[in-house]
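**Student:** Structure in structure tokens, see below.
Numbering (mature numbering (1 follows the signal peptide of the UniProt record, and there is no 0)), first residue to last: -18 to -1, 1 to 132.
Structure below.
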């Protein structure tokens, strides 16, 4: 499932990069999005857990993404996709406006998805190899999108 999603996102990104996409902009702050993710999960904010650093594709060298995600994925991707690098506490986000516009989405819901993985890992210590965690992140992302991205 993860590999298929990665493949589809890779193909879409390659097409968009060829046209020189404009970067999307967040509608909300990363802190607000985290607050909403925690509300949706009925979890409390933990100030003792460091926030992840955020890296947007248009402003991040590919090598930074590859170095952060290679051990986790067992490969060096050819482009930056949405991902949470657990060991490095880094979130990477594809920020191509055309991609989000074509899907009727906002970039913020991708941030909500990756922040869900962050809280799964850092707040609860759950094993990110559990496929059910991806479904949980999709559910939170969908709820966030329906409430804040319309």
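Idealized CB from N, CA, C, for every residue including glycine.
Specify the secondary structure class of residue 79 as computed by DSSP and reduced to three states.
**Tutor:** Helix, per DSSP.
**Student:** Work out the CA separation of residue 62 and residue 37 for me, nearest whole Å.
**Tutor:** Approximately 10 angstroms between the Cα atoms of the pair.
**Student:** Judging by CA-CA distance, which residue of 76, 105, 6 is the nearest neighbour of residue 25?
**Tutor:** Comparing Cα-Cα distances from residue 25 to each of 76, 105, 6, the minimum goes to 105.
**Student:** Helix, strand or coil, according to DSSP, for residue 122 in the structure here?
**Tutor:** Here residue 122 sits in helix by DSSP.
**Student:** Identify the residues that DSSP records as bridge partners of residue 67: which are they?
**Tutor:** Residue 67 is bridged to 72.
**Student:** What three-state label does DSSP hand residue 38 in the structure shown?
**Tutor:** In the structure shown, residue 38 sits in a strand (DSSP, three-state: E or B).
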